[in-house]
Structures are given as C-alpha cells and as structure tokens.
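4 protein chains.
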Amino acid sequence: MFNSFGKIFTVTTFGESHGPAIGVVVDGVPAGFAFDLPFIQSELDRRKPGQSSLTTSRKEEDQIEVLSGVFENKTTGAPVAMLVRNIDAKSGDYNEIREILRPGHADLTYFLKYGTRDPNGGGRASARETLARVAAGALAKSILNQWKKIQILAWVSEVYTIKAIVNPAEVTLEMVESNPVRCPDPIAATKIETLITETKKEGNSLGGIITCQTLNVPPGLGEPIYGKLQAWLGFAMLGINAVKGIEFGDGFEAAKRKGSENNDLIYWENDTFHTRTNHSGGILGGISTGMPVIFNVAFKPTSTIALEQESVTPEGQEVNFAGTGRHDPCVLPRAVPIVESMTAIVLLDLLLQHQSRQH
Amino acid sequence: MFNSFGKIFTVTTFGESHGPAIGVVVDGVPAGFAFDLPFIQSELDRRKPGQSSLTTSRKEEDQIEVLSGVFENKTTGAPVAMLVRNIDAKSGDYNEIREILRPGHADLTYFLKYGTRDPNGGGRASARETLARVAAGALAKSILNQWKKIQILAWVSEVYTIKAIVNPAEVTLEMVESNPVRCPDPIAATKIETLITETKKEGNSLGGIITCQTLNVPPGLGEPIYGKLQAWLGFAMLGINAVKGIEFGDGFEAAKRKGSENNDLIYWENDTFHTRTNHSGGILGGISTGMPVIFNVAFKPTSTIALEQESVTPEGQEVNFAGTGRHDPCVLPRAVPIVESMTAIVLLDLLLQHQSRQH
Amino acid sequence: MFNSFGKIFTVTTFGESHGPAIGVVVDGVPAGFAFDLPFIQSELDRRKPGQSSLTTSRKEEDQIEVLSGVFENKTTGAPVAMLVRNIDAKSGDYNEIREILRPGHADLTYFLKYGTRDPNGGGRASARETLARVAAGALAKSILNQWKKIQILAWVSEVYTIKAIVNPAEVTLEMVESNPVRCPDPIAATKIETLITETKKEGNSLGGIITCQTLNVPPGLGEPIYGKLQAWLGFAMLGINAVKGIEFGDGFEAAKRKGSENNDLIYWENDTFHTRTNHSGGILGGISTGMPVIFNVAFKPTSTIALEQESVTPEGQEVNFAGTGRHDPCVLPRAVPIVESMTAIVLLDLLLQHQSRQH
Amino acid sequence: MFNSFGKIFTVTTFGESHGPAIGVVVDGVPAGFAFDLPFIQSELDRRKPGQSSLTTSRKEEDQIEVLSGVFENKTTGAPVAMLVRNIDAKSGDYNEIREILRPGHADLTYFLKYGTRDPNGGGRASARETLARVAAGALAKSILNQWKKIQILAWVSEVYTIKAIVNPAEVTLEMVESNPVRCPDPIAATKIETLITETKKEGNSLGGIITCQTLNVPPGLGEPIYGKLQAWLGFAMLGINAVKGIEFGDGFEAAKRKGSENNDLIYWENDTFHTRTNHSGGILGGISTGMPVIFNVAFKPTSTIALEQESVTPEGQEVNFAGTGRHDPCVLPRAVPIVESMTAIVLLDLLLQHQSRQH
C-alpha cells in the first residue's frame, strides 16, 4: 500500500541505498507481450550514476536480473520481479552523517516519523530507489508501444535561469540524447553543461524543469472524478525525489488568461476530433482527448552541497555540516528517464482501468 | 475505486448536476468525535451558488441531510452518508447543448470514453459534484481540529494579472471572508471584484491561483515513496475541476535556485525542530516537518463563456456556440472551500495511515 | 475501504437499522447497459421483511429510489446511488436492550471496538444493511445477464436436520419461488415450513444451509494467487450476517477422498473443454473452468430468541434477557437473494478485473 | 493488486516453481520491532520439501535472503523483501507434460485465462509460491507476538477418514511437531502416517482438514460489514492451493442447531468479558471477542497422482496421463505453517486497520 503505485498495473519497490539490492515487483502485466530485456537495461543505463562528468561518481553498473513473470521471452500475466544489486555502497562514507540531520533531506522527517532511520546514503529515501521505477517504467513503455504505439519523451527544458527554446512537436529522442544534459536545444544544452560544471566546482547545486510529452495516447484515458489523468500524473511526479511542482499544458500561465484566450476549439478531420490549440495539454475533464499530453515538472536543487551549512543532531545539538558524499550537482539529466517511466506506468494503468469496463 | 478518494478515510461521491441529488459516503470515520452539522452546512454555504453577484445565478440552498453514521451527535465509526437534493435543475436550459461538444469542457472526452454522456449541465462532470467533497471535507476539518488542532486556510492569491500581497503567517479566516472574492489583501480584492464584474459583462471568464496553508500539522504525515504528502495533495488538487497546476513551498521558483539558496536550515528550540526558512512548504522527503504546509493551485478560466466560439457536434459537424447556461465568470472565490476540503481529507487520511503503524 | 466491496465494480453501503435510510453507491458500472429498475425492486421484494408468516413482522416496503448514474434508462458509467428509507423503525422497541449486550449479537464486539454503539435494532450491525447489497447485486445480475447470459440461482438446501433432495442441474427459479422457504424440493419445503412455524412458537430459532449455483460463467474468471474465485466468493459470503462456513463443489467431503476419486477428468466436446464430474465446483487453480460454479453456505440460527438467556450489561452486571424485538426465526428464506447478490457482485467484479488485461 | 494480500500490512509475492527464485515484499511493517531471521528460516523449514518421507522428494534448502527493510536487526518501516532461490528445478521433469492439461490442476484454467502458460512445475500456480507466504507470515507472527503476545497454532485434525481426538485448549506446538504428520493426537498421527505411506505406494493421494487456533487476539479486530474477521480469514485460506472449504467455530454443525443451543452466553470475570461456550469461534458480528479464534480448513487430495488418468492436450486431443513429477501424497503436514502464516498476516493487517482509527 505505501510502497506500491497503480491500481491494476501495480508497481511495488523495495531496497535501500546501501542495502544489498534495489528491486521491483510489477503486477497486473498483461500476458503475451514481448519482454524486451535489452531495452529495460538501456533505460536503466540512462539513469545510472557515473554516465557523464555531470553526475555523481558513485560507480554502479545497475545490471538488472529478472526473477519471474517471463516465459520464452513473453510476459505470462504473472508478476515480473526485477533486481539490481548494490555494488558500490560504501557505508563508511556516511559514518560521519549518522549523527546529523542534513538540511533539505528526509533525515529529519524519517527520524520523526519512525523514531529510527537507516542513515547510510539516505536509506530508503535515497533517489537510488528510482532505478526500480525505471525498470518497471521501461516494461510499461515497451507494452504501451507494442500495444498502442504510444510514445513518451521527456527532456530538460530549464536549469536555473537557462531555458531551452524548442518546439515540442519537433523534439526527438536523438536530440535529447545528443548531449549529457538531455536538453534538445543544443545552445541551451551547452550553457547548462558549463553551468553545472562550474556549480559543481563551487560545491553548490542547481534546480530546473523537465518537460514530458506523450504521443498517440488514445482518447478516453483517465477517470472522471478523483482519478483524472492529470491527478494520476501529478501523484506520480510529486512522488519523485526533489519535485516541487507540476503543471499541465499551459499550467500556471492559464491562470493569467481569459476563457476566450484559453479554450481549445474543437474540430473534426480525418475521422477524428482535434483541437486547434493545445493549451489544455491534451486533457479535458480529466480524460485524454487524443492530442499530445504535455506537462512540466519542477525540481528543487540537490540538497546535498559541499558548502558548509548549519544543522543539528537528532538530539537537537547544533553542528556545521558540509556534504562530502557522492551526489549529483543537478539531478535533472538523470531524472529524465524517471519522469518518462512514471508517465508510462500511469498511462498503462489507466489504459487497463479504462479497458476493464469496455464491452 | 473510480469515484472514491483516500485509503482509510475514504470519500465516495455520486450524483449529477441535473439529477435528483448529489451525495457522499464517508468511510473510515473515527468513532467518538462530535458531529458538527451546523459547521458542515456553513462550509457548504461558502461554496453554494448565488452567494454573491460574482457567481452563477443558479439558485440552490444546498441543504445537507445526514443519513447515517451519527448517534446522539457523535460519530459511531459507521460510514457517514450525506445528501443534497438538486432543486434548481432546469434541464431545459441545456437542450440546445445536447448536440454540442463545448470547447474546454468534458463533453468531448466523456463522449469518447463512454460512448454516451448525460448532457444536462455537464452531468457527472459538473463542478456541482464538488459540494459532496465540501461536506466530507468539513467533517474531516472538524475532526482534525478536535483531535490535533490542525487549521486549514485557503485564499484567492491571484486572478488574471492581479496579485494579492500578503504575509501567509498573518492571514486569518476573517480576512478571507471579508470580501466576496475571498482574497485577504483588501486592495487586490477590490480590483479583482471589479475585474470579475467587467469580465462577466464581456461574456468572458478568468483564471487565477489559490494559496492554501495548514498549521499544526504534526510531523510524520505522508508516506515516503509513492504516498508522499505532496503527492496526495497534488492528487487531490489536480482532481478539482479546472485545476492545471500545483506547487509546494517555493515550487517553480525553487527550480531557478542553487542548493545554498534553497535549503531550509534546521535548528532546535522549545523542545522541537524548526527550519529557519520554509522554502520546502513544510515537507521534506514527502513527510511533514511540523512547519506550515503551504502550496499554490492554478485554475484555468471557466470554459463556458457567452462569446461565440467554434465547436462541433458529436457527429463531427461544425457549429458555432455561445454559452447561455448559468456559470461563474471566475470559479476561484467558490473554489476556496473546495481546496480546503480536499486538504482536510488528505491530512486526515494520512494521519490515519500514519497512526495504523504506531505502537 | 471498510464498508466497500470489490476492486473495480465497487459497492459501498451505508445506513443503520433505525436511522433515516439504508443506501448504496455502486461504482465501476460499465456504461450503456439497460437499467432495469423493476427487476431491482423485485429482488428487494424477495428480501423484504413481512413477505410471509415465516419472517419478522417489521413492516417495510423497501421502495428503492435511484439518485444517480442513469440517463435515459441506461447506465452512464457514473456511480449508481440507490436509497431506501426506513419507515417502520420503532426505536422504542429497543429501549430495554440499550443496557444489554445480547448473546450471539455484535453488541459486545461493537462496544469493545468503538467504545460506543448505536443500540437501536443493532444499528449498523443489523442485517437490514443487506438490502443495500441486494440492490447492488440486482444491478450486477442484470448486467451479467445482458452481457454474458450468466445465471445465478440460490436455494435453501437444509434447515436444522431437514435436507432437500434435488439435482442442482434441474433447479429453476420457479421451483425456488414456489414456496415461502425457497427450497426447490417440495417435500422438504413443507417440512421446513412446519418446523419454522413450530420453532417460532417455542421462541427459538433455526440455522441451515443455502446452495448457490451459477451457469454460463466464462472460463478465466478469478485471479491466480490471492484473488481466487473461491477466495472472493468466500470473502463475500463470510461477510453476510450469521454465516459460519462455506465450501466449494464437494467441499469438506473432498477432504475425505483420494485423488483418484476427486479429480475431474477433462475432455473436449463442441469446441470447448468440459470435465466429466464437477467435484471442484467449476473452479481449478482459483479460476473458473466454464462448468457450473457451485457452493454451500452455512448459517447459524438467529441469535435473537424469545427464550430467556443469561447476559450482561456493558458495565459487566449479570442480567437475564429474552428477545421481544421483531426477528426472523430462520433467516434462510430471506438470505437467498443476498447470497445471489453477493455472488453477482463478485462475478462482475472479477469479469472486469479479467477484462482489464485483455488485448 | 492481483498478487498482493492485505490493506495495510501488505504481502506481494512473485516467482514460479521452476524460475530463478520465489520472493516476497512485505509492506506496512511497523518500525522498531526485532527482526528474527532464525525464526523466519525455521518456519520455512517446517514447510520445505523433503523434510520427511511423507513429502515430495524435491530437494530445496529454501534458504532465505533478506534484501531490505531491516537496519541493525530492527524493522525500519521500509518494505521487507525476502528471496529464496530455486535450486532443484529440473525443467526436464516436466517436458512431457508441456502438452497436457493435467486433471485437477490449474493447467486448463491458466491456458484459458492467459492464452499461454508456464508449464514447468505448474509455473506460478505451483504451491511452491506459498513459501513466500510463510516468510511473510513468520514476520507477522513474530511482530504479533512481540506486540500483543498473540499465539497462532494449527494442526492436522483429519486425513481421509482418520480424525484426531484432541482438546484444542491443550494442544501445544511440541505436540504438533512431535510427528511428521503434525497431528497432536499421537494415535491418529501414527494411523495417518501409515495411511499416507501406503497411499503413496498406491500412486494415490489424500485430502484432510487442518484446524487453526489463535490465543490472545485482542477484542475489536475485524471490520463490521465486508471486512469481517472471518471474511478476511476465509479470503486468506481459500487462496491457499487445494483448499475447498472453511468453517468458523462449530461451522456447518451450527447450521443444524437451534438458537438456544448455539448462542454463547456472555459473562464478566477478572475485568473482562468471556463467553461460557465458544460455538462462534471467537467472533461476533465479524469482530473478535477476545475468546480463542478457531476454524477448520478442508483440503482436497493432491491432484497429481501416479495412477493413469484420462486427459487432454491444449488442442483438445485425448491422452492418458500418469504423474511422474515429484509431489506430496498428502499436502496437509506441510500446509500447517501456511495456514498459520496466512492467519498471522490477516491478524496483523486487521490490527493495523483497527489501530488506524484509535484516538
């Protein structure tokens, strides 16, 4: 219940940053789809640490092992369990922080909630848990693609004050993957890369925005009252470490508009409905229209920085603290596949929910 | 599953805009709390149509009837069902729109999803359903207050381009309720009131932002991975009609910061932990810190406008359409109690979730 | 969560024996099916009190009101809420028992669980709540029949020591409804009728067994591990007041067999699989085979009897107690539609669960 | 959803008989309890194959590995994942049955449900999956014992026509474990042991009954309408492979009684309520009374037998089939810890559900 996501396509994760392994059980997998293990591994590679000079220096190959649910390379309908062993988990790194509640981290709140916490690398609160979501999300992505040709693509659209200038309709996976920032605007990408490198040297960190767009989402996904498409996507994104906001279509800009400026006018062409604009981000009344679903996700800057900060021990004593553990100066580039994965999980779950009542 | 919200404190709603009634079943209500019916009715009065010249002219007294779960003015632990009869449901009003898929509305997507739809006043998609959330939310508010002295207060902080200038720490319910806009900055309130009146005359509508703040939330609420406090609040807010975005604490602004500018430094005082700033909006690692929980919700402008717009019939024929039904030119003032109600439902549900594992 | 049943086709009930009303919200209803209100009312009539001399003398017409989810006599996909007002709720009847924890009743356990209880007619624990299940079940039955021609039929097969001798394959609704006992063996029915009448005069009560059989259940319903067809049916039946056991197919008899005597041999005929016997009751590995699903449900005798019994007050004082409230000397005849209803709810829910993953 | 059990204490299992591993993720574990790994292993040892001459000859050490959720030998509140590698999985054994739908097995129904199946050792339908339940159940048992001193004890009370004669109040774990049958009546145990040995030689199999009793269950567990204690226990037991029935307290016998013979009279002694008899099996109105909770579970004889039986291929061709795979002639002795485990899971889940609303 607490570590599971989804109603029918259900993803349950386990594991701590410095425990033996991180893993996931994916339930509700429809039977008979090709199980594309190399694709799942390649998605994990997009998230793994050490992939470029912009990321943490923790060395993890994040090799996935499949434990169940697949027979002769096809899904069987049984739950798919997948496991990644932690290799480079140096508990020693964290000995010094066992007695510190780091600012911006979950140390304080886990301690208050449970009366205990696993301090090594943040324990369960570590973003390392998100590799399990990427494994599950890659499976969802693959099924969505085989079944409905749904495409999900995210990219870094803003870091600190640098904004990518792109037309979402023209962004491709190749553009996104052409640089370590995962920003499809090459000029912005270069500036961001430089900025991250400099900020890392300063011992500081950076926030930013990821944009995610999905194509070929069939109309009708999302449940009208509480299970709206944007509500599920919001639930998914706001469950990702460091996320502080989400907006759909024109989002907060729409709040500054009049109705006549914001309504998307509907027309009929080629045997289907379209809208002339897509201010709504492909969602009306909580249900997909068939237009691209598009949204922005805001990430705060990484909490761990090398600059010295005031903090406290669990007993309330004041201490100064400067992060020396391995961390990303900017999580955005590695968060791109996480955003895509959670989107895939939501869409497949809503597709199955929708389908349950078709006759 | 589809029309229910919450895991333990579970709210299930039913009813259509022009059907016989709107109602709600609230399950998981802890036994032994005072049941404050006048308070529930007063919260419904804050949402009801026709309360000022800024709202729709639909006349509904929204008188609540309690059907179960209360014995001698106390909750018994049994589900509390509450019902409001629809009085002023003029189906005739909507005869003309039976054959139109209105821009910005759920007409298109319900039709695509179900192959059918109840066109009268939007049927199930109507924001009239939210009265059921306010009834349930008022019950949750009352229990949170009796149990933990939790305070929830929302207000209109922005409409179109007019922004309230307030210090959240100083906003009171009296300030919010002192004007029909529900904006605690009296200067902004007057400007907004004028703007809404003019926009209504133009036959147009306006979007805006509601800010919500809760005090006395005990630390420890929220579940660490998928059930984060901000994820549940996001799920709740993005399930409200016309909402297009949400941000916590400094939200999208935090994306433009460095870590050293954004971390909230922790200190110990009066036997408890505090943070010097509250950029995070009272949430770390998805769990409440004990500081005020604060977030902003973006509403798009009302989709129904009197200006003529291009549209289509369910058969795909082009038509022009101008709204003549009763509607709010700006939903924000009436949405304030809805935002508060969903916040209360989330907090009580997370409190019960948290409590389930205490020993 | 606590007062809801089902994962996709979800039934939530509310109301107390002597409160204003009993009601139900049915969510996950597939859109586009005919809504057969007269059939729902006729099912409630099979359960209502006072229908024969064998039942309680409480007078309730149990007239159903539909509040939502239906447009032009078809289901819309929105939740269907239905309500029955309590008319003949004489709280006075129960004044004397406010201070008694009646043997065999939920008085003791509600008091221990909640620290409070609604004593009037048993409050929420009253079997009057089951009318809400019959309303929801009748809707499920009607949809199952329209969609898949599924037939559900239950009957009284045993009361006290009198056993009906019937061939399940030959039992019809007409046979069941031909006598007030709802026993398709006319000889047993007459004996049981006499026995119930005599037992009522004695101030005593009787237990018995209901058999339920469903035809045309498509193969594949039920989820393999925890959501087995027999597990869901067991969960449903063991949630009915006074039920103390359930067995599928040959049930407890199968425990006294060898494998060679109990296996149902499979063969192929008319383009489908069959089994030569049906010891398993139409279920293998938790999933329907396509053969009739058949099971027995054991009911204890009604707890309320007119004979004097030893009991206690909530304070622990000993008292003698003899029931004078209105009650059924044998609940079996009225429980037949309840068993059928819960079966229908389970089957439709599992059909929707199964369907969610078809492609 | 499909492979998970429980609402708050949630058990999700994965793995196939002949896949790489069987595992479980246990969520909702309260933080701060001692994690007793040797106890969990000892419970698995009670279930493991090859423990006596009465069981299958498959050789599995069933060594448990803990992957998460434990820090310094205490639970942290994070999910506990546990894994057992399959060692002695000879797929070759089953090559011959790839083309046969074995009588009494899930082969037919998995094939009809999914259009595919993993034939090796029954794949996901194999009772080998239950080791994951025993691991989770052992954790639940340990927590229940640390927290509330709850004791759960099951035993074989009947095999074929041989019945144990015991007083449940006097049965101890030592008595149960004193013989390979797990029957606390030594005379019956000897007879059953002989019978199983002979039946194995015949190539046949045997059914039977397991009785389970729990002590120190606090009053108040179970939710009144659909989540009754007996409903959850029934759901749990009817989800165990080969189970065909369950009864609580006097169960089916109660159906043959009058109310005056069946009511348990309540009295007050030593500051608490008791009942003079316990026909109800410790449950009233679906909620525990504080008396021992006791129930019987009926198991059909093992479906795999060495005697030749008529069967079919997935294409519908008739074939004869005689089991040669390794299997138990009688599953009862190894099922005892499974019944105890599922009971523990239900009780802990209901304890957490109950606790969520205490104030």
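Protein chains in written order, with numbering that gives the first Met the number 0: chain A, 0 to 358; chain B, 0 to 358; chain C, 0 to 358; chain D, 0 to 358. Where is the CB? At the ideal position from N, CA and C, for every residue including glycine.
* Identify the residues that DSSP records as bridge partners of C/Val165: which are they? -> DSSP, once it has assigned bridges, lists no residue as partnering C/Val165.
* Quick one: does B/Ala378 have its CB under 8 Å from some CB of chain C? -> Since the first and last residues shown for chain B are 0 and 358, residue 378 of chain B lies out of range.
* When the Cα of C/Val65 is compared with those of C/Ala135, C/Glu309 and C/Ala321, which residue comes out closest? -> C/Ala135
* N- and C-terminal bounds of the beta strand (DSSP E) containing B/Met236 -> Where B/Met236 is concerned, there is no enclosing beta strand (DSSP E), although the alpha helix (DSSP H) it sits in stretches over Leu228 to Met236.
* For B/Val330 versus B/Phe298, is the C-beta distance shorter than 8 Å? -> yes
* Compare the C-beta of B/Gln62 against all C-beta atoms of chain D and say whether one is closer than 8 Å. => no
* Please determine, among D/Asn85, D/Asp87, D/Ile164 and D/Gly68, the residue with the shortest C-alpha to C-alpha distance to D/Val79. => D/Gly68
* **Where the stretch 7-29 of chain A meets chain B: residues whose CB sits under 7 Å from a CB there** => Thr12
* To do: With 8 Å as the threshold, decide whether the Cβ of A/Leu351 is near any Cβ in chain C.
  => yes
* Nearest to A/Asp44 by alpha carbon, out of A/Asp61, A/Gly18 and A/Phe13? -> A/Asp61
* **Chain-ordered chain B contacts of A/Glu308 [CB-CB under 8 Å]** => What sits at residue 308 of chain A in the sequence shown is Gln, not Glu. By Cβ distance, chain B contributes Ser259, Asn262 and Leu264.
* Asked: Taking the continuous alpha helix (DSSP H) assigned at C/Ile186, which residues delimit it?
  -> Pro185 to Glu201
* Asked: Does the beta carbon of B/Met0 sit closer than 8 Å to a beta carbon anywhere in chain C?
  -> yes
* **Selection of the stretch 99-117 of chain C by Cβ proximity to chain B, strictly under 9 Å** => Tyr109, Lys112, Tyr113, Gly114, Thr115, Arg116 and Asp117
* Asked: Closest Cβ-Cβ distance between B/Gly76 and chain C: below 8 Å?
  -> yes
* Comparing alpha-carbon positions, which option in B/Ile304, B/Thr312, B/His273 and B/Asp348 lies nearest A/Pro313? -> B/His273
* Name the chain C residues whose beta carbon is nearer than 8 Å to that of B/Lys73? -> Thr115
* To do: Have a look at D/Glu128 and A/Asp106 and give me their C-alpha separation to the nearest angstrom.
  => 37 Å
* Can you tell me whether A/Ala343 is buried or exposed, with buried defined as 16 or more other CB within 10 angstroms of its CB? -> buried
* Tell me, please, whether the stretch 20-27 of chain D touches the stretch 36-50 of chain D by the rule of three or more beta-carbon pairs shorter than 8 Å. => no
* If you follow the alpha helix (DSSP H) that C/Ser302 is part of, which residue opens it and which one closes it? -> Where C/Ser302 is concerned, there is no enclosing alpha helix (DSSP H), given that its DSSP letter is neither H nor E.
* Among B/Ser340, B/Thr198 and B/Pro102, nearest to B/Ile142 - alpha-carbon criterion -> B/Ser340
* To do: State yes or no: is the C-beta of D/Thr210 within less than 8 Å of the C-beta of D/Ile293?
  => yes
* Is the CB of D/Gln354 under 8 Å away from at least one CB in chain B? -> yes
* Asked: Ends of the beta strand (DSSP E) at D/Leu214?
  -> Gly207 to Leu214
* Assuming D/Ile224 and C/Thr196 make a contact with CB atoms under 8 Å, what is their CB distance in whole Å? -> In fact, because the Cβ distance is near 32 Å, the residues do not count as touching under 8 Å.
* Asked: What's the C-alpha gap between C/Pro328 and C/Ser156?
  -> 17 Å
* Determine the direct distance from the alpha carbon of C/Val180 to that of C/Gly207, and round the result to whole angstroms. => 11 Å
* What is the DSSP secondary structure of A/Met81, reduced to helix, strand or coil? -> strand
* Asked: Contact between the stretch 158-174 of chain C and the stretch 303-317 of chain C: three or more CB pairs below 8 Å?
  -> no
* Same chain, Cβ closer than 7 Å to C/Arg116, five either side skipped, listed in chain order -> Asp106, Tyr109, Phe110 and Gly122
* Check whether the stretch 224-243 of chain B touches the stretch 222-242 of chain A, taking contact to mean three or more Cβ pairs, one atom from each stretch, closer than 8 Å. => yes
* To do: Using only alpha-carbon positions, find the residue among C/Glu222, C/Thr301 and C/Gly76 that is nearest to B/Ala124.
  => C/Gly76
* To do: Taking only runs that begin and end inside the stretch 242-313 of chain A, name each unbroken alpha helix (DSSP H) of 4 or more residues, in chain order.
  => 258-261
* To do: Could you give the DSSP three-state label for A/Val24: helix, strand or coil?
  => strand
* To do: Could you tell me whether any Cβ in chain A is nearer than 8 Å to the Cβ of D/Leu152?
  => no
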